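Trainee: I'd like to ask some things about the structure below.
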Amino acid sequence: VMILSLLYKSTPEDVRMIMIDPKMLELSVYEGIPHLLAEVVTDMKEAANALRWCVGEMERRYKLMSALGVRNLKGYNAKIKQAIADGEPIKDPLWRTEDSMLDEAPDLEKLPSIVVVVDEFADMMMIVGKKVEELIARIAQKARAAGIHLVLATQRPSVDVITGLIKANIPTRIAFQVSSKIDSRTILDQQGAETLLGMGDMLYLPPGSPVPTRVHGAFVDDHEVHAVVADWKKRGEPEYIDEILNPESTAEVLLPGEQPEGGDQEVDAFYDEAVAFVTETRRASVSSVQRKFRIGYNRAARLVEQMEQSGVVTPAGHNGNREVLAPPPPRD
-19 VMILSLLYKS TPEDVRMIMI DPKMLELSVY EGIPHLLAEV VTDMKEAANA
31 LRWCVGEMER RYKLMSALGV RNLKGYNAKI KQAIADGEPI KDPLWRTEDS
81 MLDEAPDLEK LPSIVVVVDE FADMMMIVGK KVEELIARIA QKARAAGIHL
131 VLATQRPSVD VITGLIKANI PTRIAFQVSS KIDSRTILDQ QGAETLLGMG
181 DMLYLPPGSP VPTRVHGAFV DDHEVHAVVA DWKKRGEPEY IDEILNPEST
231 AEVLLPGEQP EGGDQEVDAF YDEAVAFVTE TRRASVSSVQ RKFRIGYNRA
281 ARLVEQMEQS GVVTPAGHNG NREVLAPPPP RD
């Protein structure tokens, strides 16, 4: 019902979604709607990458809002809308020459809210555990002002699934009928959910309130969901962001102390060629490596970072430029 309500009220320009469905049943029906940022995620390792991407997007949005002097997404979008109406669109203040193949900074556009829906949170905790717990905590702590929201659902409300760290950062909770007082306390920090009648009977605990409200959830039949999904599919196709599920592109927002999969031992196949190219041309920009080898920005940036760690190039200066330290390759 929450998802259908969003689809009724919001266009893809207003709200985009990431859906994580370990059971491959409940959310897969929404595959292909234009609101999705990525395909419905069923692989839990990809789910961790999606949450990592959300953390990176959250940080990017905070930098943009700070640069524009606004406090939340609503203020940001209002400022962008006003600037466009005045005929003076605002250039991206975070744009750097070496990060893009464009000649000038692009204009900023309206940012949609992002809703991340996880259908069976217990499965994700069981497979990827601590990593996901910390990512969710980071998103829940800071992401609301950036317009990123989490909806977590589980049929197993035990303390090893809904941990103290997660509970402390998610103040809004809903409990349907549960089997014991312990489960009720795990969700709501108080008993009561064990006496509910089922069939949509639930307790809603809003943020800041110690007392839950008893409400009744609506039931939506499958054919109604299919009808709404079919209507949205007619209106447009989804524009997926490939980086969301790609572990290579999310490595830059690893948690403190966390190593990317494969660790430091993994060396890019282009690394030796990239070093030869940079030392010969004496140009150490990400965009030049990207153009030379026809690879994505994230991969090119990682190659340049590896060169920095190896002492081939200097760290980026205040203007983003790097100097090449290593000598050119010997000529035959």
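Residue numbers are given in my numbering: position 120 of the sequence shown equals residue 100, and the series is strictly consecutive. Positions of the beta carbon are idealized from the N, C-alpha and C atoms, including for glycine. Note that the coordinates shown come from a computational prediction; the quantities given were computed from them, not determined experimentally.
Could you check how far apart the C-beta atoms of residue 38 and residue 2 are, in whole angstroms? I think they sit under 8 Å.
Mentor: That pair is no contact at about 23 Å.
Trainee: Suppose you measure from the CA of residue 179 to the CA of residue 285; what does that come to, to the nearest Å?
Mentor: Cα-Cα distance, rounded: 55 Å.
Trainee: Using C-beta distances below 6 Å, list every residue in its chain close to residue 97, excluding the 5 sequence neighbours before and after it, in chain order.
Mentor: Within the same chain, residue 97 has close Cβ partners -1 and 131.
Trainee: Can you find the residues in the same chain that come closer than 8 Å, C-beta to C-beta, to residue 21, ignoring five residues on each side of it along the sequence?
Mentor: Same-chain partners within the cutoff: -2, -1, 0, 1, 27, 30 and 225.
Trainee: Taking 8 Å as the CB-CB cut-off, is residue 129 touching chain D?
Mentor: Although the question refers to chain D, the structure presented lacks it and comprises just one protein chain.
Trainee: In the region 64 to 109, which residue ranges form an unbroken alpha helix (DSSP H) of at least 4 residues, counting only runs that do not cross its ends?
Mentor: The region 64 to 109 contains these whole alpha helix (DSSP H) runs: 101 to 108.
Trainee: I need the boundaries of the alpha helix (DSSP H) containing residue 35, first residue and last residue.
Mentor: Segment 24 to 48, the alpha helix (DSSP H) holding residue 35.
Trainee: Quick one: what does DSSP say residue -2 is sitting in, helix, strand or coil?
Mentor: Residue -2: strand per DSSP, three-state reduction.
Trainee: From this set, 260, 217 and 252, which residue's C-alpha is nearest residue -4's C-alpha?
Mentor: Residue 217 is the option with its Cα nearest to residue -4.
Trainee: Could you give the DSSP three-state label for residue -17: helix, strand or coil?
Mentor: Helix, per DSSP.
Trainee: In the structure shown, what three-state DSSP assignment does residue 166 receive?
Mentor: Residue state, collapsed to three classes: helix.
Trainee: Is it buried or exposed for residue 101, if we count other Cβ within 10 angstroms and need 16 for buried?
Mentor: Buried is the call here.
Trainee: Check whether the region 55 to 65 and the region 151 to 170 are in contact - that is, three or more C-beta pairs closer than 8 Å.
Mentor: No, because fewer than three Cβ pairs between the region 55 to 65 and the region 151 to 170 fall closer than 8 Å, the two stretches do not touch.
Trainee: For the ligand PLP, I want to know if residue 294 counts as a neighbour, meaning its beta carbon is within less than 7 Å of at least one of the ligand's heavy atoms.
Mentor: In the structure shown, the ligand PLP is absent, as is every other ligand, since no ligand is present at all.
Trainee: At which residue ranges does the region 122 to 180 contain complete alpha helix (DSSP H) runs of 4 or more residues, listed in the order of the chain?
Mentor: Counting whole runs of 4 or more residues, the region 122 to 180 contains the alpha helix (DSSP H) stretches 144 to 149 and 161 to 168.
Trainee: Assuming residue 194 is part of the beta strand (DSSP E), what are its boundary residues?
Mentor: 193 to 196 is the span of the beta strand (DSSP E), which, as asked, contains residue 194.
Trainee: Would you check if the region 152 to 166 and the region 121 to 130 touch, i.e. whether three or more CB-CB distances between them fall below 8 Å?
Mentor: With the cut-off at 8 Å, the region 121 to 130 and the region 152 to 166 do not touch.
Trainee: In whole angstroms, what separates the C-alpha of residue 256 from that of residue 276?
Mentor: In a straight line, the C-alpha of residue 256 is about 19 Å away from that of residue 276.
Trainee: Using a threshold of 8 Å, state whether the C-beta atoms of residue 293 and residue 254 are closer than that.
Mentor: No. Outside cutoff.
Trainee: What do you get for residue 57, buried or exposed, if any count of 16 or more other CB atoms within 10 angstroms of its CB means buried?
Mentor: Classification of residue 57: buried, given that the 10 Å Cβ count is 16 or more.
Trainee: Is it right to say residue -18 is buried, meaning 16 or more other beta carbons lie within 10 angstroms of its own, or is it exposed?
Mentor: Classification of residue -18: exposed, given that the 10 Å Cβ count is below 16.
Trainee: Does DSSP classify residue 10 as helix, strand or coil?
Mentor: In the structure shown, residue 10 sits in a helix (DSSP, three-state: H, G or I).
Trainee: In this structure, does DSSP put residue 4 in helix, strand or coil?
Mentor: Residue state, collapsed to three classes: coil.
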